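Participant: Residue numbering for the sequence shown is -20 to -1, 1 to 225, as defined by mature numbering (1 follows the signal peptide of the UniProt record, and there is no 0).
Glycine included, C-beta positions come from ideal geometry on N, C-alpha and C.
This structure is a prediction, so every number in the text was calculated from the model and none was measured.
Quick one: this structure, given as structure tokens, is what I'll be asking you about.
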Amino acid sequence: MNPLCVLAMIVVSFPASVFANHQYPEATQFQQQRNAMVDTLSQKYRGLGLAVEDMRVLNAMRKVPRHRFMPKDQHKNAYRDSPVKIGYGQTISQPYIVALMSQLAEVESGMSVLEIGTGSGYQAAILFELTSQVYTMEIISPLAKRTQETFQTLGLLKIKHQHGDGYYGWPGELKFDRIMVTAAAAHIPPPLLKQLKPNGRMVIPVGPVWGNQQLLLIEKDLHGKSTTRSILPVRFVPLTGRVFK
């Protein structure tokens, strides 16, 4: 589930080495295209304070094979800085938005991260390069099944994946250091805020369905008090579920 906007971004030049949390089959396929994509991304939005400069995030983008998370007929579009349709009314996010959201989350190794809206599985794979504790939920059953198969094919067996309504968060009493929502909500879901640990961060697009939304960064302090900051306007597919019908 991902943004339909084509926002730009910035970059500096980075080495090709990447954080090695997972080894992909055919790892070097399309490597030149991935490098070019990241180099292009890291040269945009510098003057607006929206540059993606986190080396770990950019190295993850260099490494994860985006084309393997989309239909074969879309492989030719895999490394353009634009969203791509993946079926069921959903998209794989624009690379800049994936990188920006990952940077805003400030994921550190060992943190637990919950993603709402697995979609293609690409964002979860990027997060998995940053920490091994990745949980992701998808409400659309056939898409959840297809993504689970993608994870199995690519050996991403440690990513915890579940079919369910992400508005209510991960079932059980787990709490997370970071939460990332990759579909637009009409408001900040209270159950997700409750699952965010003290000193945690949530990145979420909020706004009207099929309209302009705002990408928000929510930070919870050590006492559980939350503050919200608007980052930039975006267009995401809507968060679905019983609450939004």
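Less than 8 Å between the CB atoms is what I'm expecting for Arg181 and Arg158, so what's the real figure, rounded?
Facilitator: At roughly 5 Å, the Cβ-Cβ gap stays under 8 Å, so Arg181 and Arg158 are in contact.
Participant: Kindly indicate which three-state DSSP category Leu(-17) falls into: helix, strand or coil?
Facilitator: With a pLDDT of 39 at Leu(-17), under the threshold of 50, the predicted position of this residue should be treated as unreliable, and no value is reported.
Participant: Per DSSP, Glu153 is paired with what?
Facilitator: The partner list for Glu153 (beta bridge, DSSP) is empty, contrary to what the question assumes.
Participant: Use the C-beta contact count for Glu6: other C-beta atoms within 10 angstroms, 16 or more gives buried, fewer gives exposed.
Facilitator: Exposed, since its Cβ has fewer than 16 Cβ neighbours within 10 Å.
Participant: CB Leu219 to CB Ala165, shorter than 8 Å?
Facilitator: Cβ atoms of Leu219 and Ala165: closer than 8 Å.
Participant: Between which residues of its own chain and Gln13 is the CB-CB distance below 8 Å, once the five residues before and five after are set aside?
Facilitator: For Gln13, where only same-chain residues beyond five positions count, the Cβ hits under 8 Å are Ala58, Tyr59.
Participant: Let's see if you can read the secondary structure: which residues bound the alpha helix (DSSP H) around Val18?
Facilitator: From DSSP, the alpha helix (DSSP H) with Val18 extends over 11 to 21.
Participant: Run the CB neighbour count on Thr162, radius 10 Å, all protein chains shown included, and call it buried at 16 or more, exposed below.
Facilitator: Thr162 should be labelled buried.
Participant: Let's test the definition: count the other Cβ atoms within 10 Å of the Cβ of Ala16 and tell me whether it reaches 16, buried, or not, exposed.
Facilitator: Ala16 is exposed by the Cβ-count criterion.
Participant: Less than 8 Å separating the beta-carbons of Gln194 and Ser210?
Facilitator: Yes, these two residues count as a Cβ contact at 8 Å.
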